[in-house]
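Numbering (the numbering used here), first residue to last: 98 to 170.
Working notes for the structure below.
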C-alpha cells in the first residue's frame, strides 16, 4: 500500500506526528487517537490489509482508515 505514496507514509499519520510502516496503524475513532494496532508476519505483505480489516470489524465507520491514491498502470 505504501508504494503508492511517494513520501512512504499514509497522509493521516502525519497529523499525529507518526512515521508509518506497513502493518502498523493508529486507531483514530471520532477524531481522537485512542491507540494503535500492529500486525506482522503475514505472507505476501498483507499485514496492513489485515490491520485495516481488524479496525473496520472493531469500530465500523467510526474509525479513520488510511486513504491511498489510486494505482497508476
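C-beta: ideal position from N, C-alpha, C; glycine also.
Remember, it's a predicted structure, so these values are computed and weren't measured experimentally.
Name the DSSP bridge partner or partners of residue 160? Within the chain shown, numbered from 1, the residue matching residue 160 stands at position 63. Paired residues: 126.
Option in 139, 119, 127 with minimal Cα separation from residue 157: Indexing the chain shown from 1 puts residue 157 at position 60. Nearest of 139, 119, 127 to residue 157, Cα basis: 127.
Thinking C-beta only, is residue 137 closer than 7 Å to residue 120? Numbered from 1 along the chain shown, position 23 holds the residue referred to as residue 120. Numbered from 1 along the chain shown, position 40 holds the residue referred to as residue 137. Contact flag set, yes.
Using DSSP's beta-bridge definition, name the partner residues of residue 133. The residue labelled residue 133 in the question sits at position 36 within the chain shown. DSSP output for residue 133 lists 123 as bridge partner(s).
Who are the Cβ neighbours of residue 159 in its own chain at under 7 Å, not counting the five residues just before and after it? For the purposes of this step, residue 159 is taken as the residue at position 62 of the chain shown. By the criterion of a C-beta distance shorter than 7 Å, residue 159 is surrounded in its chain by 126, 127, once the five residues flanking it on both sides are discounted.
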